[in-house]
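Input: a single structure, listed below in structure tokens.
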Amino acid sequence: VQLQAFGGGLVQAGGSLVLSCEASGYTFNINVMAWHRQAPGKQRELVASITSGGITEFADSVQGRFTIFRDNTKNTVYLQMNSLKPDDTAVYYCAADERYGLGYHYWGQGTLVTVSS
């Protein structure tokens with residue numbers, strides 16, 4: 075399984091941005107897809123995840139501001155980010171796995187999101 079992320083960039087605080095990640099290859103058994111992020115000097119953290127059945131999970135820091143959704147026909151997951159803050163500045167990584175709750179086996183390349191104050 076290969077994951078290709080798109081959509082990073084520079085945005086002002088309070089603005090919005092949408093990230094997308096397309097899975098290719100043997101995707102038939104993919105269950106959960108997720109976004110993680112890593113800010114400079116910090117550990118990578120889970121931002122949001124979504125199962126093939128639509129169950130979502132969000133980090134407390136983005137709850138109410140970010141939305142995750144997926145198009146299973148296109149094997150693509152999206153992260154809609156609203157009310158962005160400078161603290162959201164990070165490299166965002168797409169991830170996927172066949173199993174839910176046991177980590178992520180597949181990772182995409184990161185895409186940089188920079189939020190200016």
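Going by this note's numbering, the sequence shown opens with residue 75, and the numbers climb by one from there. Positions of the beta carbon are idealized from the N, C-alpha and C atoms, including for glycine. What you are looking at is a predicted structure, and each value in this text was computed from that prediction instead of being measured.
Non-local beta-carbon contacts of S191 in its own chain, meaning distances under 7 Å to residues more than five positions away in sequence, involve A87, P160 in chain order. Between L120 and the set G138, G128, S126, M107, the nearest pair of CA atoms involves M107. Pairing D171 with T185, the inter-Cα distance amounts to about 19 Å. If only uninterrupted alpha helix (DSSP H) runs of at least 4 residues are considered, none is enclosed by the stretch 133–161. S157 and A97 have their C-alpha atoms some 27 Å from each other. In this structure F140 is in contact with F132, their Cβ atoms being roughly 6 Å apart against a cut-off of 8 Å.
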